[in-house]
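J.:
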Amino acid sequence: MTTKERYRRTIEYFTENMPVAETELVYDDPFGLIVAVILSAQCTDKRVNMITPALLEKFPDAYSMAEAQPSDIFEYIRSCSYPNNKALHLSGMARTLVSEFGGRVPSEPDLLQKLPGVGRKTANVVASVIYRKPVMAVDTHVFRVAARIGLTRNSKNPLDTELQLTRNIAPELIHKAHHWLILHGRYVCKARKPLCEKCGLTEICKFYKTRK
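Numbering (our numbering), first residue to last: 248 to 459.
(1) What is the DSSP secondary structure of R351, reduced to helix, strand or coil?
(2) Hey, is the segment 407-415 in contact with the segment 382-396, meaning 3+ C-beta pairs nearer than 8 Å?
(3) For D237 and V435, what's the separation of their Cα atoms in angstroms?
(4) Taking the alpha carbon of Y260 as the reference point, which residue from L442, R439, S346, H431 has its own alpha carbon closest?
(5) From this set, Y378, S375, C327, V345, which residue's C-alpha is nearest L362's C-alpha?
(6) Residues in the same chain with beta-carbon distance under 6 Å from I451, minus the five sequence neighbours each way, listed in chain order, please.
(7) Quick check on the DSSP output: what are the complete alpha helix (DSSP H) runs of length 4 or more inside the segment 398-435, in order along the chain?
(8) For I324 versus L303, is the C-beta distance shorter than 8 Å?
(9) T457: buried (16+ other C-beta within 10 angstroms of its C-beta) or exposed?
(10) With A309 as the anchor, note down where its alpha helix (DSSP H) starts and where it stops.
(11) Should the segment 314-328 be called in touch with the segment 350-368, which here means at least 3 C-beta pairs below 8 Å?
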């Protein structure tokens with residue numbers, strides 16, 4: 248099977264079986280999303296969704312959060328992973344939004360990466376989810392699922408995976424494909440115990456063929 252054919256069949260499968268594919272983070276606006284994505288590093292979306300309502304009620308925008316001390320933010324996020332570091336990141340992110348972007352979340356990944364706590368993956372999530380930019384955020388799920396199916400070859404790092412995926416997926420589908428791969432990895436193609444019996448991609452999946 249050619250790479251082109253594998254991509255075609257994968258996209259057809261998800262288009263039919265997962266027509267709605269969106270982030271599971273709850274947010275109301277771009278600022279709410281970037282806060283949630285920063286908090287989600289090595290933390291579940293479920294936990295983040297428990298934290299953000301009170302946090303964003305207290306600090307609903309960049310201006311209010313920029314005036315807070317990291318210790319103030321910490322009190323609202325202490326139940327997530329690495330709360331000290333994330334409080335510092337959120338404080339710095341908000342202050343940079345105010346000082347350099349007029350309090351608005353920029354749409355371009357390069358500009359987003361100027362914000363404290365925002366690396367390439369976080370920037371791509373925000374640019375893709377909010378602004379529908381054709382960029383692929385690669386987390387552990389995307390990296391694993393793409394390799395298992397055979398969408399990527401010999402990828403050694405997230406950037407390599409990102410480049411291979413964006414090279415082979417139509418720009419208008421990239422923002423949705425990001426969620427297809429994440430959700431498939433979260434609920435079906437799990438890291439330790441993949442539920443191959445519930446997967447409709449076994450016919451083309453390279454990983455499945457090694458298990459038989």
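By construction, the Cβ of each residue, glycine as well, lies at the ideal position given by its N, Cα and C atoms. Here the structure is a predicted model, which means the values were calculated and not measured.
T.: Taking the definition as stated:
(1) Counted from its first residue, the sequence shown places residue 351 at position 104. Correct three-state label for R351: coil.
(2) As far as the Cβ criterion goes, the segment 407-415 touches the segment 382-396, which means the pair count is three or higher.
(3) Nothing in the structure corresponds to residue 237, since the chain is present only between 248 and 459.
(4) Residue numbering aside, residue 260 sits at position 13 when the sequence shown is read from its first letter. Of L442, R439, S346, H431, the smallest CA-CA separation from Y260 is found for H431.
(5) Residue numbering aside, residue 362 sits at position 115 when the sequence shown is read from its first letter. For the options Y378, S375, C327, V345, the alpha carbon positioned closest to that of L362 is the one of V345.
(6) In the sequence shown, residue 451 corresponds to position 204, counting from 1. Result list for I451: R253, R256, in chain order.
(7) The alpha helix (DSSP H) runs of length 4 or more contained entirely in the segment 398-435 are, from start to end of the chain, 405-415, 418-434.
(8) Indexing the sequence shown from 1 puts residue 324 at position 77. Indexing the sequence shown from 1 puts residue 303 at position 56. No.
(9) As a working mapping, residue 457 is identified with position 210 in the sequence shown. So T457 counts as exposed.
(10) Numbered from 1 along the sequence shown, position 62 holds the residue referred to as residue 309. A309 -> alpha helix (DSSP H) spans 309-313.
(11) Too few Cβ pairs lie closer than 8 Å, so no.
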